[in-house]
Amino acid sequence: MDLYNDEYFMKAALTEAAQAFDAGEIPVGAVVVWNKKIIGRGHNLTETLNDPTAHAEMQAITAATNTVGGKYLKDCVMYVTLEPCIMCAGACFWAQINTLVYGADDPKRGFSTLSSNILHPKTSIVSGLLGDECSHLLKLFFAQLREQSGR
0 MDLYNDEYFM KAALTEAAQA FDAGEIPVGA VVVWNKKIIG RGHNLTETLN
50 DPTAHAEMQA ITAATNTVGG KYLKDCVMYV TLEPCIMCAG ACFWAQINTL
100 VYGADDPKRG FSTLSSNILH PKTSIVSGLL GDECSHLLKL FFAQLREQSG
150 R
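Given below as C-alpha coordinates:
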(Lines of atoms letter the chains of each structure in order from A and count residues from 1; the text may use other names and numbers.)
(Lines give C-alpha, C1' and ligand atoms only; values in the text may rest on other atoms or scores of the structure.)
Protein backbone atom coordinates (compact mmCIF):
# COMPACT_ATOMS: atom_id res chain seq x y z
CA MET A 1 0.00 0.00 0.00
CA ASP A 2 1.45 3.35 -1.09
CA LEU A 3 0.15 5.69 1.60
CA TYR A 4 0.79 8.87 -0.38
CA ASN A 5 -1.20 7.67 -3.38
CA ASP A 6 -3.88 6.09 -1.20
CA GLU A 7 -4.45 9.32 0.74
CA TYR A 8 -4.49 11.32 -2.49
CA PHE A 9 -7.18 9.09 -3.99
CA MET A 10 -9.22 8.94 -0.78
CA LYS A 11 -9.16 12.75 -0.73
CA ALA A 12 -10.56 12.64 -4.28
CA ALA A 13 -13.36 10.41 -2.94
CA LEU A 14 -13.90 12.93 -0.13
CA THR A 15 -14.26 15.67 -2.75
CA GLU A 16 -17.00 13.57 -4.34
CA ALA A 17 -18.63 13.12 -0.92
CA ALA A 18 -18.57 16.91 -0.40
CA GLN A 19 -20.43 17.32 -3.70
CA ALA A 20 -23.09 14.94 -2.43
CA PHE A 21 -23.25 16.87 0.85
CA ASP A 22 -23.76 20.15 -1.03
CA ALA A 23 -26.57 18.58 -3.05
CA GLY A 24 -28.37 17.35 0.08
CA GLU A 25 -27.37 13.73 -0.54
CA ILE A 26 -25.82 11.44 2.07
CA PRO A 27 -22.15 12.38 1.67
CA VAL A 28 -20.48 9.31 0.27
CA GLY A 29 -17.97 9.53 -2.55
CA ALA A 30 -16.00 6.99 -4.55
CA VAL A 31 -13.29 6.88 -7.18
CA VAL A 32 -11.96 3.97 -9.22
CA VAL A 33 -8.25 4.05 -9.98
CA TRP A 34 -6.31 2.17 -12.63
CA ASN A 35 -2.59 2.61 -13.16
CA LYS A 36 -2.54 5.57 -10.73
CA LYS A 37 -5.24 7.42 -12.70
CA ILE A 38 -8.84 8.04 -11.73
CA ILE A 39 -11.01 6.38 -14.38
CA GLY A 40 -14.35 6.66 -12.58
CA ARG A 41 -15.90 9.00 -10.02
CA GLY A 42 -19.19 9.06 -8.24
CA HIS A 43 -21.15 10.32 -5.30
CA ASN A 44 -24.56 9.49 -3.95
CA LEU A 45 -27.38 10.56 -6.26
CA THR A 46 -30.26 8.60 -4.74
CA GLU A 47 -32.35 11.70 -3.97
CA THR A 48 -31.44 13.53 -7.17
CA LEU A 49 -32.29 10.57 -9.42
CA ASN A 50 -35.06 9.08 -7.22
CA ASP A 51 -33.09 5.86 -7.50
CA PRO A 52 -32.22 3.75 -4.46
CA THR A 53 -29.38 2.12 -6.43
CA ALA A 54 -27.63 5.41 -7.28
CA HIS A 55 -24.94 4.96 -4.61
CA ALA A 56 -21.49 6.48 -5.01
CA GLU A 57 -19.89 3.11 -5.72
CA MET A 58 -22.41 2.27 -8.44
CA GLN A 59 -21.84 5.63 -10.10
CA ALA A 60 -18.05 5.19 -9.97
CA ILE A 61 -18.20 1.61 -11.30
CA THR A 62 -20.42 2.69 -14.20
CA ALA A 63 -18.07 5.56 -15.05
CA ALA A 64 -15.00 3.30 -14.84
CA THR A 65 -16.47 0.52 -16.97
CA ASN A 66 -17.50 3.11 -19.56
CA THR A 67 -13.92 4.42 -19.54
CA VAL A 68 -12.32 1.00 -20.05
CA GLY A 69 -15.02 -0.27 -22.38
CA GLY A 70 -15.69 -3.45 -20.45
CA LYS A 71 -17.43 -4.75 -17.36
CA TYR A 72 -14.36 -5.97 -15.46
CA LEU A 73 -12.13 -3.79 -13.31
CA LYS A 74 -9.64 -6.52 -12.33
CA ASP A 75 -6.60 -4.24 -11.99
CA CYS A 76 -8.47 -1.38 -10.33
CA VAL A 77 -8.70 0.02 -6.83
CA MET A 78 -11.90 1.55 -5.52
CA TYR A 79 -11.63 4.24 -2.83
CA VAL A 80 -14.88 4.97 -1.05
CA THR A 81 -15.51 7.14 1.98
CA LEU A 82 -17.94 4.72 3.65
CA GLU A 83 -17.87 0.94 3.86
CA PRO A 84 -20.00 -0.30 0.97
CA CYS A 85 -23.43 -1.75 1.56
CA ILE A 86 -24.24 -5.28 0.46
CA MET A 87 -25.53 -4.09 -2.94
CA CYS A 88 -22.37 -2.12 -3.68
CA ALA A 89 -20.11 -4.90 -2.43
CA GLY A 90 -21.96 -7.23 -4.80
CA ALA A 91 -21.32 -4.79 -7.66
CA CYS A 92 -17.63 -4.76 -6.70
CA PHE A 93 -17.71 -8.56 -6.85
CA TRP A 94 -19.21 -8.60 -10.36
CA ALA A 95 -16.78 -5.92 -11.58
CA GLN A 96 -13.95 -7.95 -9.99
CA ILE A 97 -12.42 -4.90 -8.26
CA ASN A 98 -8.86 -5.79 -7.25
CA THR A 99 -8.69 -3.71 -4.07
CA LEU A 100 -11.35 -1.96 -2.02
CA VAL A 101 -10.18 0.87 0.24
CA TYR A 102 -12.77 2.53 2.47
CA GLY A 103 -12.64 5.22 5.11
CA ALA A 104 -15.45 4.99 7.66
CA ASP A 105 -16.95 1.74 8.90
CA ASP A 106 -20.70 1.30 8.55
CA PRO A 107 -21.73 -0.90 11.50
CA LYS A 108 -25.43 -0.78 10.49
CA ARG A 109 -25.41 -1.32 6.74
CA GLY A 110 -21.84 -2.23 5.75
CA PHE A 111 -21.19 -5.49 3.90
CA SER A 112 -18.91 -6.75 6.68
CA THR A 113 -21.91 -6.99 9.03
CA LEU A 114 -22.77 -10.13 7.06
CA SER A 115 -19.54 -11.39 5.55
CA SER A 116 -16.46 -10.23 3.69
CA ASN A 117 -17.14 -13.16 1.32
CA ILE A 118 -19.56 -10.87 -0.55
CA LEU A 119 -16.52 -9.45 -2.35
CA HIS A 120 -14.63 -11.33 -5.04
CA PRO A 121 -12.20 -13.83 -3.45
CA LYS A 122 -9.24 -12.01 -5.02
CA THR A 123 -10.31 -8.58 -3.74
CA SER A 124 -8.07 -7.09 -1.05
CA ILE A 125 -9.68 -4.90 1.59
CA VAL A 126 -8.15 -1.89 3.35
CA SER A 127 -10.32 -0.11 5.91
CA GLY A 128 -9.98 3.04 7.97
CA LEU A 129 -8.00 5.21 5.52
CA LEU A 130 -8.79 8.83 6.48
CA GLY A 131 -11.60 7.35 8.52
CA ASP A 132 -11.94 10.36 10.84
CA GLU A 133 -12.37 12.76 7.92
CA CYS A 134 -14.88 10.45 6.25
CA SER A 135 -16.86 9.98 9.47
CA HIS A 136 -16.84 13.70 10.24
CA LEU A 137 -18.62 14.60 7.00
CA LEU A 138 -21.29 11.97 7.60
CA LYS A 139 -21.82 13.06 11.23
CA LEU A 140 -22.11 16.69 10.16
CA PHE A 141 -24.67 15.81 7.49
CA PHE A 142 -26.88 13.83 9.86
CA ALA A 143 -26.57 16.44 12.63
CA GLN A 144 -27.80 19.10 10.19
CA LEU A 145 -30.58 16.82 9.03
CA ARG A 146 -31.74 16.27 12.63
CA GLU A 147 -31.56 20.01 13.30
CA GLN A 148 -33.68 20.78 10.23
CA SER A 149 -36.29 18.21 11.21
CA GLY A 150 -36.40 19.52 14.79
CA ARG A 151 -35.21 16.31 16.43
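Take 0 as the starting number for the sequence shown in numbering that gives the first Met the number 0 and just add one per residue.
Every residue, glycine too, gets a C-beta built ideally from N, C-alpha and C.
Cutoff 7 angstroms; reference residue i; Cβ partners in own chain excluding five residues on either side
i: Ala59; result: Ala29, Val30, Val31, Gly39, Arg40, Gly41 and Met77
i: Glu46; result: Gly23 and Glu24
Identified DSSP bridge partners for residue i
i: Leu81; result: Ala103
i: Thr98; result: Val76 and Ser123
i: Gly89; result: Paired residues: none, contrary to the question.
i: Gly109; result: Cys84
Contacting residues, own chain, Cβ-Cβ under 8 angstroms from residue i (five flanking each side not counted)
i: Ser115; result: Ile124
i: Leu118; result: Ala88, Cys91, Phe92, Ile96, Leu99, Phe110 and Ile124
i: Phe140; result: Phe20, Ile25 and Pro26
i: Leu113; result: Ile85
Selected residue, minimal CA-CA separation from residue i, among the options
i: Met9; options: Ala22, Glu24, Lys36 and Asp21; result: Lys36
i: Lys70; options: Ile96, Ser134 and Ala103; result: Ile96
i: Ala17; options: Gln143, Gln147 and Leu137; result: Leu137
i: Gly127; options: Phe140, Glu82 and Gln143; result: Glu82
i: Pro120; options: Gly68, Val27, Lys73 and Leu129; result: Lys73
i: Ala63; options: Asn34, Thr52 and Pro51; result: Asn34
i: Arg108; options: Asn4, Ala94 and Ile85; result: Ile85
i: His135; options: Thr66, Cys75 and Ala103; result: Ala103
i: Asp131; options: Ala53, Arg145 and Asp105; result: Asp105
Span of the alpha helix (DSSP H) around residue i
i: Lys138; result: Gly130 to Ser148
i: Leu48; result: Thr45 to Leu48
Distance between beta carbons of residue j and residue i, contact taken as under 8 angstroms
i: Leu44; j: Cys133; result: Their Cβ separation, rounded to whole angstroms, is 18 angstroms, which puts Leu44 and Cys133 out of contact at 8 angstroms.
i: Leu129; j: Glu6; result: 6 angstroms
Near the ligand HEM: residue i beta-carbon under 8 angstroms from a heavy atom
i: His135; result: Absence of the ligand HEM is noted for the structure shown, with no ligands found whatsoever.
6 angstroms Cβ shell around residue i - same chain, five flanking residues per side excluded
i: Glu56; result: Ala29, Val79, Pro83 and Cys87
i: Tyr101; result: Val79, Glu82 and Ser126
Span of the beta strand (DSSP E), counted from its first residue to its last, around residue i
i: Ile37; result: Lys36 to His42
i: Ala29; result: Gly28 to Trp33
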